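Step one of this worksheet: look at the structure below.
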C-alpha cells in the first residue's frame, strides 16, 4: 500500500513569506508526527497529533509555526514570516497507534530553503 | 540540544569489514530504536529494543541495548555497499509520544 507522502518535495521561498507543507499519512493511521531535520543532524520533534487534535506541540520552536489536521488524516504544517534559520527538511511520520514504541513510518520529507 | 550522542559521526570502510556504531545518553530510555536513512528519503525503522541488556539480530546487523538503558550499539558484520546510509538511534521516554533522535552516523561502504 501507499506510504506516507509529503508535498512539495522541495520548497524555496524568500524570507518573510508564508509556507504550507502537506503530509498524507498511511490510511488508517491515527497518530501523525512532524519532525524537522537540519543538515547533519537527526530529526527533532515538532508536534504530534492523535486524530484531529494536537496531543503534544511542545516541539514547535515559536508561534510562527502551526499545524492542523482537521479531518484526522491529512496534516498541514504552516510557517509564517519564514526566516533563514527555518531552512531544513521537514519530515512527517504516522503510526497506527500513538505512543513511544509504536513504529513510525516516515515520509520522504519536504526540503525547505528560505533565501 | 541532542540527548543522544552517536559516534563516530562519519565512518568510511571497505566492503567486508566489520564496524560498530555507538549511541550514548545520560538519560534512561524506556525503549530505543535504530533507523537507517538514505538521501532524499525518510528514516526507516530497523529495530526496537526495550529491555536492558537486550540483543537483537537482523541478518548481519546486531543491536544491543545497555543494561542501564542509557546506551546502545549497532554492529555490522561484513559490511556491504548496500549498508551505506545515515544510521540514527532514537529513544523514547515513558509517557512521551515522540522520539528523541541522535546526531547520526553517516556510513560509507566502499566496494
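Protein chains in written order, with the numbering used here: chain D, 17 to 131; chain R, 12 to 122.
Each residue gets a CB set at the ideal place from its N, CA and C atoms; glycine is no exception.
Note that the coordinates shown come from a computational prediction; the quantities given were computed from them, not determined experimentally.
Taking the alpha-carbon positions, what's the residue 61/R to residue 31/D distance? 43 Å
Quick one: Cα of residue 54/D to Cα of residue 103/D, how far? 7 Å
Contact set for residue 124/D: own chain, Cβ-Cβ below 7 Å, skip 5 residues either direction: 22 and 25
On a CA-only basis, which of 20/D, 90/D and 27/D is nearest residue 126/D? Give me that one, please. 27/D
Would you kindly report the start and end of the unbroken beta strand (DSSP E) that includes residue 60/R? 55–60
Which chain R residues sit within Cβ distance under 8 Å of residue 124/D? 51, 52 and 53
Sub-9 Å separation of residue 117/R and residue 89/R beta-carbons: no
Spell out a yes or no on whether the segment 36–46 of chain D and the segment 20–28 of chain R are touching, meaning 3 or more CB-CB pairs, one atom from each, closer than 8 Å. no
Look up residue 21/D in the DSSP assignment and give the residues it is bridged to. 40/D
Under 8 Å, with one C-beta from each stretch per pair, do the segment 25–34 of chain R and the segment 52–69 of chain D reach the 3-pair mark? no
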